[in-house]
Amino acid sequence: MTSSDKKETITRTGISLESDLLKEFDVWLKQRSFPNRSEGIRFLIREKLDQEILVAKKDLQVVGSLTYIFDHHGFDSSLKLTEIQHDFGHLIISTMHAHITHDICLETIFLRGRQDEVRKLADAILALKGVQKGQIYLIPSHQQ
184 MTSSDKKETI
194 TRTGISLESD
204 LLKEFDVWLK
214 QRSFPNRSEG
224 IRFLIREKLD
234 QEILVAKKDL
244 QVVGSLTYIF
254 DHHGFDSSLK
264 LTEIQHDFGH
274 LIISTMHAHI
284 THDICLETIF
294 LRGRQDEVRK
304 LADAILALKG
314 VQKGQIYLIP
324 SHQQ
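Position in the sequence shown (from 1) plus 183 gives the number in this note's numbering.
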């Protein structure tokens with residue numbers, strides 16, 4: 184049976200919230216175009232559970248992205264970025280590169296692999312001279 188063949192059972196439940204918190208939640212839902220409160224609550228629960236798994240299991244299989252900006256004229260950063268990407272090539276699905284200004288580039292690397300290895304790649308890139316800022320976003324791949 185494939186995952187698309189499975190029928191999910193939905194269980195109705197109720198929660199009690201302070202009225203101010205509910206108002207804030209409704210604003211949050213509207214800003215993000217959630218169709219209803221249930222979808223928003225499911226989203227937040229999944230997000231929190233994924234965060235807990237990422238903290239607990241360093242060898243977890245993950246997918247995600249590393250996005251950073253860098254000065255491509257600074258201290259051979261382009262060459263060093265390429266070297267690091269080749270060293271960790273088994274983790275890289277794809278790379279997207281964009282020119283923001285004449286000197287500054289934005290790059291996103293799409294990643295898949297063990298969380299500890301993916302984080303090692305991110306740390307190596309973000310520590311380079313010339314890389315101005317960056318952020319990694321990981322999601323458990325649920326293919327354990």
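Even for Gly, the Cβ is constructed at its ideal location relative to N, Cα and C.
{"Query": "Does the Cβ of Glu368 have 16 or more other Cβ atoms within 10 Å, making it buried, or fewer, making it exposed?", "Result": "Examination of residue 368 is not possible in this model, given that the chain is present from 184 through 327 alone."}
{"Query": "Give me the residue from His256, Ser324, Ile252, Glu300 with the minimum Cα distance to Gly272.", "Result": "Glu300"}
{"Query": "Does DSSP put Thr194 in a helix, a strand or coil?", "Result": "coil"}
{"Query": "Excluding sequence positions up to five away, which residues of its chain have a Cβ less than 7 Å from the Cβ of Thr257?", "Result": "Contrary to the premise, residue 257 reads as Gly rather than Thr in this sequence. So the qualifying residues of the chain are Lys312, Gly313."}
{"Query": "Alpha carbons only, please: which of Val246, Ile236, Asp254, Ser261 is nearest the one belonging to Leu274?", "Result": "Val246"}
{"Query": "Can you check which of these residues, Arg220, Asp306, Lys231, Lys190, is closest to Gly197 by C-alpha distance?", "Result": "Arg220"}
{"Query": "Quick check: the Cα distance between Ser324 and Gln244, rounded to an integer number of angstroms?", "Result": "6 Å"}
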